[in-house]
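J.: To start, I am sharing the structure in question, which I have written as structure tokens.
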Amino acid sequence: MRIGIDVGSTTLKCIVLDEYDNIVFSSYERHYSQITKKTKELLERIMEECQCDEYVNLSISGSAGMGFADRCKIPFVQEVYATRIAVGKLIPEADVVIELGGEDAKILFLTNGLEVRMNGSCAGGTGAFIDQMATLLNITPSEMNDLAKSYDKLYTIASRCGVFAKSDVQPLLNQGAKKNDVAASIFYAVVNQTIAGLAQGRELLGNVVYLGGPLTFLSELRRSFDKTLDTKGICPEYSLYFVALGAAFMSESQKVNLKSTIAMIENQNSDGDFAHTSPLFHSVEEYNDFISRHNEEKVIYSDPNEYNGNAYLGIDAGSTTIKMVIIDDEENILNSVYLLNKGNPVSIVKDFLQDFYNKFPNIIIRSSTVTGYGEEILKNAFQIDYGIVETIAHFTGAKKFRPNVDFIIDIGGQDIKCFKIKNGVIDNIFLNEACSSGCGSFLQTFAGALNYTIEDFANLGNFASNPVDLGSRCTVFMNSSVKQAQKDGATIEDISAGLSASVVKNALYKVIRVTSREGLGKNIVVQGGTFLNNAVLRAFEMELGQEVIRPNIAGLMGAYGAALYAKSNAKDISTILSKDKLKSFSHEVQGTTCGLCSNNCRLTINTFDDGRKFISGNRCEKPLAKKEGRKQLSIYDYKLKLLNNYQPIKGKRGRIGIPMVLNMYELLPFWHKFFTVLGFEVIISPKSNRDLYLKGQHTIPSDTICYPAKLVHGHIESLIDGGVNNIFYPCMSYNLDEGLGDNHYNCPVVAYYPEVVAANVPQIKNINFIYDYIGLHRPKDFIKKIHGILGRSFKDITLEEVKLASNKAYEEYYSYLEKVQTMGKHYIDYANKNNLPIIILAGRPYHVDPEINNGIDKLICQLGAIVISEDVISGNTSKFPTSVLNQWTYHARLYAAAKYIGDKDNMNLVQLVSFGCGLDAVTTDEVSEILENEGKIYTQIKIDEITNLGAVKIRLRSLMEALNQ
8 MRIGIDVGST TLKCIVLDEY DNIVFSSYER HYSQITKKTK ELLERIMEEC QCDEYVNLSI
68 SGSAGMGFAD RCKIPFVQEV YATRIAVGKL IPEADVVIEL GGEDAKILFL TNGLEVRMNG
128 SCAGGTGAFI DQMATLLNIT PSEMNDLAKS YDKLYTIASR CGVFAKSDVQ PLLNQGAKKN
188 DVAASIFYAV VNQTIAGLAQ GRELLGNVVY LGGPLTFLSE LRRSFDKTLD TKGICPEYSL
248 YFVALGAAFM SESQKVNLKS TIAMIENQNS DGDFAHTSPL FHSVEEYNDF ISRHNEEKVI
308 YSDPNEYNGN AYLGIDAGST TIKMVIIDDE ENILNSVYLL NKGNPVSIVK DFLQDFYNKF
368 PNIIIRSSTV TGYGEEILKN AFQIDYGIVE TIAHFTGAKK FRPNVDFIID IGGQDIKCFK
428 IKNGVIDNIF LNEACSSGCG SFLQTFAGAL NYTIEDFANL GNFASNPVDL GSRCTVFMNS
488 SVKQAQKDGA TIEDISAGLS ASVVKNALYK VIRVTSREGL GKNIVVQGGT FLNNAVLRAF
548 EMELGQEVIR PNIAGLMGAY GAALYAKSNA KDISTILSKD KLKSFSHEVQ GTTCGLCSNN
608 CRLTINTFDD GRKFISGNRC EKPLAKKEGR KQLSIYDYKL KLLNNYQPIK GKRGRIGIPM
668 VLNMYELLPF WHKFFTVLGF EVIISPKSNR DLYLKGQHTI PSDTICYPAK LVHGHIESLI
728 DGGVNNIFYP CMSYNLDEGL GDNHYNCPVV AYYPEVVAAN VPQIKNINFI YDYIGLHRPK
788 DFIKKIHGIL GRSFKDITLE EVKLASNKAY EEYYSYLEKV QTMGKHYIDY ANKNNLPIII
848 LAGRPYHVDP EINNGIDKLI CQLGAIVISE DVISGNTSKF PTSVLNQWTY HARLYAAAKY
908 IGDKDNMNLV QLVSFGCGLD AVTTDEVSEI LENEGKIYTQ IKIDEITNLG AVKIRLRSLM
968 EALNQ
């Protein structure tokens, strides 16, 4: 009898084979990190049900099985090898295996030898991710699968992080997107994560086999893979058990005594050697003093049954929860709720209002305010009086407790918001960007994985003797650290306390990136539901070495601040729907694609009673049919207009293609003129969009590269598919020297990405791809170099022709730059004349691509500002000393622009940063330092292929509010 056990990241799978390879026993269960206990119970079941001999063939495999097997002296089989053995024996025709587990994902390429791709630092696109998304939708994964069968349209959703992706889904739900569409979009996000993150440029061809829990249980996930890969994958019987089957097949070499093995497992002791920190509380007395001190900071709750008069409503529709507070004239709370929004805040608010109107007819809601992700849909649905940005709501609430507050930190479900206050005005804002490991959902995830409620789990940590020192890490790495600590003897109490401390460290050192404790301030107010966890609060105070203010309504502070705002801005009569109007309230949701401009936005149309509509998903104002009296001026629009003028002109030498990517957004005028003068018809690749990205996705070798670079693959393939046989995309170490920096390099990605294309796009071998190294910074050398390069492919081109074309190209390039700067100065004059704020939307030339910038320039215009780019004003500043080596042309422009606006009251800078841009780790710190030294607010926006602008809107509105104060 042969036994194979697969100890996975979240589950324990087992197969028992008889002498004829028949399966006589199988088991699949979650182990909740109790691997030793569950394995012992499993082997005892096998002994009882299978009537085993004393000696059996036993092997262990799986991502969490190696250390366990070693300690118990059980033979171990590496899981990839086990999978290959099982597939080779049962499905010999297989070419590719895609296996998704609880927190693990892998692709096995079986053709021409074994090649394995596994997830490393991210659990996005695994079973854990799907479970979290199902929880967010308030359904089971099976129900999510059923919903996905009847979807109408797909949304772009990130699965780059198993936690933070909720921030992409939640705004869709808040804006009325149908769960069917969201469910299907989640499955396609998993597919894209697997292909982009694991395949890394290698095509998935031939017979594809699907293994693992998610692909076994979720037919729509399999269908999403089939559709994307244009194949019909195989999901075999016992697809859950292939690692265990492989372990069983490999167990023939050595027999073990089953009873002795069970006894060894039972007696396994951990050595208790793990890194730990000081206890949060050393005694019950210390804990009681701590609780008493924080209980002093409270808002009084009044009995609404004994109150007659005016009241004021505040609503905070957050990423995962909705909070509502009603206060009286004394600013005491009459009623409050804190609920999961379950993907539909509209129905929750309706029920709350109806209940309040019915129970308390003598209380009149005089004014109302809404804030948070669901602000716009709720304001439209219930005709709320005011909508304010979250930072203002939280600041308003904090001032109630500390009028001189100088630092506020709010840790919610998956958002961290921090802001410094200077002279009574918000001076700086910090938001978490791509990871929520310092947020409440981080703790929620671990509590669920260990089979505890969040409340019980949080309380366990208060009196832990040796809190595990887990540092500040993402959920995936933290998971492995927790498992290791458990193996080393850490108790659940130690882990709970360690995770609470980790939340604090993530917030302080990853989001705020504090350099000194004193820099935060002396009057700190902490908010958000996460701070109701006393262990987190205590860890925060211990890390800072000072006491802070935690109101008794920490989880309601956004809603309470909104209610205070409503009270201070109350009108004679509120516009909020009355009890009678609420009776006829209705809400219908419809999806459609807007065709009013080239964006082709996927709109969600919410229609309410009396025909009121709220439209979401738009990047511009056209579908809203709004008439703007003021011009919306963006230099990004002007640049695109100029670049669109460079159209193909037929020439004697045929066609040559130029991919509209990266530095080509600035050098297109040069190359278009150069090749046109030489007699080529210059074919430019199509405009970037999601489909173009997906077209080239299978050839992208790294998922961590920035989105602008990822788009290159689609542009190249579009040119090839369009029949362009000559493509020009040179490597360029240097940019032109503008005299602003210590040197004038291009960043490595911009400089050398043509090499990546040549090595990873198979079709490139079928055409003439010209990607030689050239430099425009030395015009005389350029002429000779480019003549030699082109002469290899086009023998009749003379040096004189090249010289003429070169001269014309330089003229065209500098003419383009002059037009941009002239128009930029015109925009500045217009803003100054009309007393309008100016935002320098700073980045790289390719950030002008609407697919890359996600329409952020238009969003800024809608908020009432004029938008210019860094290159409009960078030339107004001479070279100056910087704290970093200033050797890249694009970066030098950023620093110069930041320096220039130091004494310009109506100018502020917003920096666009692409996820995956390593060099921006340097530029962001330097730009921030320059601006803060000049007394300016630094605002950074991270962007990638995900188009949801919820967090972006918060950041921009917060900036505009701070500037208006």
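Note that this note's numbering has the sequence shown beginning at 8, numbered continuously upward. Just so it is clear, CB atoms sit at the ideal spot from N, CA and C, and this is done for glycine as well. If you're wondering where the values come from, they're calculated on a predicted model, not measured in any experiment.
Using 10 angstroms around the beta-carbon of residue 711, count the other beta-carbons present and answer buried if the total reaches 16, otherwise exposed.
T.: For the purposes of this step, residue 711 is taken as the residue at position 704 of the sequence shown. With fewer than 16 Cβ atoms within 10 Å of its Cβ, residue 711 is classed as exposed.
J.: Helix or strand or just coil, what does DSSP make of residue 575?
T.: On the sequence shown, residue 575 is found 568 positions in, with the first residue counted as 1. The answer is helix: DSSP assigns residue 575 an H, G or I state.
J.: Would you kindly report the start and end of the unbroken beta strand (DSSP E) that includes residue 409?
T.: Counting from one through the sequence shown, the residue named residue 409 turns up at place 402. Neither: residue 409 is in no beta strand (DSSP E) and is coded neither H nor E.
J.: Taking the alpha-carbon positions, what's the residue 536 to residue 559 distance?
T.: Working through the sequence shown from its first residue, we reach residue 536 at position 529. Working through the sequence shown from its first residue, we reach residue 559 at position 552. Distance between the alpha carbons of residue 536 and residue 559 is about 10 Å.
J.: By alpha-carbon positions, which one of 401, 463, 945, 747 ends up nearest to residue 423?
T.: The sequence position of residue 423 within the sequence shown is 416, counting from 1. Measuring from the Cα of residue 423, the nearest candidate turns out to be 401.
J.: Take the Cβ of residue 99 as the centre, count every other Cβ of all protein chains shown within 10 Å, and call the residue buried at 16 or more, exposed below.
T.: As a first step, residue 99 is located in the sequence shown; it is residue number 92 there, counting from the start. Exposed.
J.: Give the secondary structure of residue 643 by DSSP, where H, G and I count as helix, E and B as strand, and everything else as coil.
T.: Position 636 of the sequence shown holds residue 643. Residue state, collapsed to three classes: helix.
J.: If you compare alpha carbons, which of 573, 388, 144 is closest to residue 618?
T.: Counted from its first residue, the sequence shown places residue 618 at position 611. For the residues 573, 388, 144, the minimum Cα distance to residue 618 belongs to 388.
J.: Do you know offhand how far residue 225's Cα is from residue 215's?
T.: Reading the sequence shown from its first residue, position 218 is the one you call residue 225. Reading the sequence shown from its first residue, position 208 is the one you call residue 215. Rounded to the nearest angstrom, the two C-alpha atoms are 16 Å apart.
J.: Output the distance between the C-alpha atoms of residue 638 and residue 873, rounded to the nearest integer angstrom.
T.: The residue given as residue 638 occupies position 631 in the sequence shown. The residue given as residue 873 occupies position 866 in the sequence shown. Distance between the alpha carbons of residue 638 and residue 873: 9 Å.
J.: Spatial neighbours of residue 634 within its chain, please: C-beta separation below 8 Å, excluding the five flanking residues on both sides.
T.: Start at 1 with the first residue of the sequence shown, and residue 634 comes out as number 627. Caution applies to residue 634, whose pLDDT of 45 falls short of 50 and renders its modelled position unreliable; the value that the coordinates give is listed next. Cβ within range, chain order: n/a, list empty.
J.: Please name the residue or residues paired with residue 594 in a DSSP beta bridge.
T.: Stepping through the sequence shown from its first residue, residue 594 is reached at position 587. Looking at the DSSP assignment, residue 594 forms a beta bridge with 615.
J.: Between which residues of its own chain and residue 889 is the CB-CB distance below 7 Å, once the five residues before and five after are set aside?
T.: For this step, residue 889 is matched to residue 882 along the sequence shown. Once the five neighbours on either side are set aside, the close Cβ partners of residue 889 are 902, 933.
J.: Would you report the Cα separation of residue 738 and residue 551, rounded to the nearest angstrom?
T.: Counting from 1 along the sequence shown, the entry for residue 738 is found at position 731. Counting from 1 along the sequence shown, the entry for residue 551 is found at position 544. If I take the Cα positions, the gap works out to 49 Å.
J.: Give the single residue among 346, 665, 752, 245 whose Cα lies nearest to the Cα of residue 734.
T.: As a position in the sequence shown, residue 734 is number 727, starting the count at 1. Considering only alpha carbons, the answer is 665.
J.: From residue 718 to residue 542, what does the alpha carbon distance come to, in whole angstroms?
T.: Translated into positions along the sequence shown, residue 718 becomes position 711. Translated into positions along the sequence shown, residue 542 becomes position 535. If you take the alpha carbons of residue 718 and residue 542, they lie about 45 Å apart.
J.: Which of the three DSSP states is assigned to residue 38 in this structure?
T.: Numbered from 1 along the sequence shown, position 31 holds the residue referred to as residue 38. Looking at residue 38 - three-state DSSP - the assignment turns out to be coil, as it is neither helix nor strand.
J.: Closest to residue 974 by CA distance: which of 834, 254, 891 is it?
T.: Here the chain has residues from 8 to 972 only, and residue 974 is not among them.
J.: Use the C-beta contact count for residue 863: other C-beta atoms within 10 angstroms, 16 or more gives buried, fewer gives exposed.
T.: Sequence index remark: in the sequence shown, residue 863 carries index 856 (1-based). Classification for residue 863: buried.
J.: Tell me whether residue 887 is buried or exposed, calling it buried when 16 or more other Cβ atoms sit within 10 Å of its Cβ.
T.: As a first step, residue 887 must be located in the sequence shown, where it is residue number 880. Residue 887 comes out exposed.
J.: Where do the ends of the alpha helix (DSSP H) carrying residue 688 lie?
T.: Translated into positions along the sequence shown, residue 688 becomes position 681. From DSSP, residue 688 is part of no alpha helix (DSSP H) but of the beta strand (DSSP E) over 688-691.
J.: Which same chain residues, not among the five before or five after residue 397, have their C-beta less than 7 Å away from its C-beta?
T.: Taking the sequence shown and counting its residues from 1, the one referred to as residue 397 is at position 390. The residues are 378, 379, 424, 565, 961.
J.: Going by alpha carbons, who is nearest to residue 545 out of 585, 205, 294, 304?
T.: Looking up residue 545 in the sequence shown gives position 538. Minimum Cα distance to residue 545 is reached at 294.
J.: Using only CA atoms, which one of 201, 596, 615 lies nearest to residue 590?
T.: Against the sequence shown, residue 590 aligns to sequence position 583. Of the candidates 201, 596, 615, the one whose C-alpha sits nearest the C-alpha of residue 590 is 615.
J.: Decide if residue 670 is buried, meaning its Cβ has at least 16 other Cβ atoms within 10 Å, or exposed.
T.: Position 663 of the sequence shown, counting from 1, holds the residue named residue 670. The residue in question, residue 670, is buried, as its Cβ has 16 or more Cβ neighbours within 10 Å.
J.: In whole angstroms, what is the alpha-carbon distance linking residue 878 and residue 848?
T.: Residue numbering aside, residue 878 sits at position 871 when the sequence shown is read from its first letter. Residue numbering aside, residue 848 sits at position 841 when the sequence shown is read from its first letter. Their backbone Cα atoms lie some 10 Å apart in a straight line.
J.: Using the C-alpha atoms, what's the distance from residue 391 back to residue 584?
T.: The count along the sequence shown starts at 1 and reaches residue 584 at position 577. The count along the sequence shown starts at 1 and reaches residue 391 at position 384. Distance between the alpha carbons of residue 584 and residue 391 is about 8 Å.
J.: Should residue 767 go down as buried or exposed, given a rule of 16 or more other Cβ atoms within 10 Å for buried?
T.: Counted from its first residue, the sequence shown places residue 767 at position 760. Buried: at least 16 other Cβ atoms inside 10 Å.
J.: Can residue 346 and residue 328 be called in contact, C-beta distance under 8 Å?
T.: The residue labelled residue 346 in the question sits at position 339 within the sequence shown. The residue labelled residue 328 in the question sits at position 321 within the sequence shown. The answer is yes: Cβ separation under 8 Å.
J.: Does DSSP classify residue 724 as helix, strand or coil?
T.: Taking the sequence shown and counting its residues from 1, the one referred to as residue 724 is at position 717. Note: residue 724 maps to helix in three-state DSSP.
J.: Below 8 Å on the Cβ atoms is my guess for residue 792 versus residue 781; work out the distance and round it to an integer in Å.
T.: Stepping through the sequence shown from its first residue, residue 792 is reached at position 785. Stepping through the sequence shown from its first residue, residue 781 is reached at position 774. Indeed, because the Cβ distance is near 6 Å, the residues count as touching under 8 Å.
J.: Using DSSP with H/G/I as helix, E/B as strand and the rest coil, what is residue 362?
T.: Numbered from its first residue, the sequence shown carries residue 362 at position 355. Three-state result, residue 362: helix.
J.: Measure the CB-CB distance between residue 697 and residue 18 and report whether it falls below 8 Å.
T.: Counting from 1 along the sequence shown, the entry for residue 697 is found at position 690. Counting from 1 along the sequence shown, the entry for residue 18 is found at position 11. In this structure, residue 18 does not lie closer than 8 Å to residue 697 by Cβ.
J.: Helix or strand or just coil, what does DSSP make of residue 304?
T.: Position 297 of the sequence shown, counted from the first residue, corresponds to residue 304. Residue 304: coil per DSSP, three-state reduction.
J.: Using the beta-carbon count (16 or more within 10 Å), is residue 778 buried or exposed?
T.: In the sequence shown, the residue the question calls residue 778 occupies position 771. Residue 778 should be labelled buried.
J.: In chain order, which continuous runs of the beta strand (DSSP E) of length 3 or greater are located wholly inside the segment 174-249?
T.: Within the segment 174-249, the complete beta strand (DSSP E) runs of at least 3 residues are 215-218.
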